[in-house]
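S.K.: Residue numbering for the sequence shown follows this note's numbering, starting at 5 and increasing by one per position.
Backbone N, C-alpha and C fix where the C-beta goes; we use that ideal spot for every residue, glycine too.
Structure incoming, see below.
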Amino acid sequence: MTLELFIIALEIYLSREKPCLGGSSHEYCSGAVALAHLDGAGTEDAATAMVQRVTELALGFPEGRLELQLVGGYSDPRNYSEELFYNILSAFHKQPVEIDLTLCCIGELNTTVRGGIHWPVIYGIGLNVKTGEIFPATFPDKGPDQALRCARHLTGGQQVLDVYDCTLGLLRIGPFNYDPLRGVDLWLAQSDQFILQHLSTSPDVELPHFVSQIRATLKYIQDNQFPAVTVFRDNRPHYYRRDEGTGVWQPIRY
5 MTLELFIIAL
15 EIYLSREKPC
25 LGGSSHEYCS
35 GAVALAHLDG
45 AGTEDAATAM
55 VQRVTELALG
65 FPEGRLELQL
75 VGGYSDPRNY
85 SEELFYNILS
95 AFHKQPVEID
105 LTLCCIGELN
115 TTVRGGIHWP
125 VIYGIGLNVK
135 TGEIFPATFP
145 DKGPDQALRC
155 ARHLTGGQQV
165 LDVYDCTLGL
175 LRIGPFNYDP
185 LRGVDLWLAQ
195 SDQFILQHLS
205 TSPDVELPHF
215 VSQIRATLKY
225 IQDNQFPAVT
235 VFRDNRPHYY
245 RRDEGTGVWQ
255 PIRY
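Following this line, the structure appears as structure tokens:
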């Protein structure tokens, strides 16, 4: 697990009805937006997929321009954020289209010092797809199947997955498999401090829920060593639709 991640937003600006934050008086947001967490795994493939998907969603609109926003990463003691930033820029620079970098809140700009320790200022963002507005956000509800999603990450999943079907308005999880985690029983027997120090790249600045989330994930892996067998028995995704009244993702059959 790492805090040296970047939240990437890719939008197309063009002539439409609603103005986008940061756009000129003649430029508007198409509503075609890709949002992703990148932590160093699958960066180039993710950049390619984001550009392709956003471009596809904007088909039929007047020609617009792609805008890229980067938020995250801080002045961490290992300088991992800096390396990740360069890798992300390189991945988008390789794309066969012109992309404008319009927001970049990283490194020192996203760092505050408390008690001699560097802390991230922004841990997460939200994005209004109707206006293009980006704003700092926290998410007490981490969404459905959190332990399953974290298990894939903790066991070394490298591909950045597209989990939202905007046509159907459904969150889609899986099907996927992951490698069994050797020594999971031993990990579960360790102290909270041991888990924090060895399973976080930024143990000094982790949020309070980190260790409990890791323990829940380890227990899930212990109980589901082969999710293709125990979780996705029919080899079908888990689908969820967001309840507009409560904001809760409800499981559905599709």
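For the alpha helix (DSSP H) containing Y84, name the first residue and the last one.
M.R.: Y84 to H97
S.K.: Look up T234 in the DSSP assignment and say whether it is helix, strand or coil.
M.R.: helix
S.K.: Among residues of its own chain, excluding the 5 on either side of I121, which ones have a beta-carbon nearer than 6 Å to its beta-carbon?
M.R.: D208
S.K.: Within the same chain, show all residues whose beta-carbon is closer than 7 Å to that of Q162, passing over the 5 residues directly before and after it, in chain order.
M.R.: Taking Q162 as the centre and dropping the five residues before and after it, the same chain places the C-beta of A45 and G46 closer than 7 Å to its C-beta, in chain order.
S.K.: Whether or not the stretch 72-86 and the stretch 110-129 are in contact is what I'm after, with contact meaning three or more pairs of Cβ atoms, one per stretch, closer than 8 Å; do they touch?
M.R.: yes
S.K.: How many angstroms separate the CA atom of P184 from the CA atom of T159?
M.R.: 7 Å
S.K.: What are the start and end residues of the beta strand (DSSP E) that includes E71?
M.R.: R69 to G76
S.K.: Taking C-alpha atoms, which residue in D49, T250 and L200 lies nearest to R219?
M.R.: L200
S.K.: So, under 8 Å CB-CB, Y224 and A155 are touching, yes? Tell me the CB distance rounded to an integer number of Å.
M.R.: Right, the Cβ-Cβ distance comes to about 5 Å (below 8 Å), so this counts as a contact.
S.K.: So what does W253 bridge to, in DSSP terms?
M.R.: R246
S.K.: On the CB-based measure, 16 or more other CB atoms within 10 Å of its CB, does E71 come out buried or exposed?
M.R.: buried
S.K.: Considering just the uninterrupted stretch of the alpha helix (DSSP H) at T106, what are its terminal residues?
M.R.: Annotation for T106: no alpha helix (DSSP H) segment contains it, though the beta strand (DSSP E) segment containing it runs I103 to C109.
S.K.: For G128, collect the residues of the same chain with a Cβ closer than 8 Å to its Cβ; drop the 5 residues on either side in sequence, then sort them by chain order.
M.R.: I11, P140, A141, T142 and F143
S.K.: Can you tell me whether Q56 is buried or exposed, with buried defined as 16 or more other CB within 10 angstroms of its CB?
M.R.: With fewer than 16 other Cβ atoms within 10 Å, it is exposed.
S.K.: Residues bridged to I129 by DSSP?
M.R.: Listed as beta-bridge partners of I129 by DSSP are P140.
S.K.: In the DSSP output, which residue or residues are listed as bridge partners for V221?
M.R.: Correcting the residue identity first, residue 221 is Thr in this sequence and not Val. For T221, which the question treats as bridged, DSSP gives no partner whatsoever.
S.K.: Going by other Cβ atoms of all chains shown within 10 Å of its Cβ, with 16 needed for buried, is V235 buried or exposed?
M.R.: buried
S.K.: Tell whether a beta-carbon distance below 8 Å holds between D107 and I138.
M.R.: A quick correction: the sequence has Leu, not Asp, at residue 107. Here L107 is near I138, since their CB atoms are less than 8 Å apart.
S.K.: How many whole angstroms separate the CB atoms of R245 and G173, which I take to be in contact at a CB cut-off of 8 Å?
M.R.: 6 Å
S.K.: Using the C-alpha atoms, what's the distance from P148 back to T59?
M.R.: 28 Å
S.K.: Is V188 near L222, with beta carbons less than 8 Å apart?
M.R.: yes
S.K.: Given this structure, state the Cα-to-Cα distance separating D196 from E210, to the nearest angstrom.
M.R.: 12 Å
S.K.: Grouping DSSP H, G and I as helix and E and B as strand, with all else coil, what is H157?
M.R.: helix
S.K.: How is V117 classed by DSSP in three states: helix, strand or coil?
M.R.: Reduced to three states, the DSSP call for V117 is strand.
S.K.: Could you compute how far the alpha carbon of Q229 sits from the alpha carbon of L152?
M.R.: 11 Å
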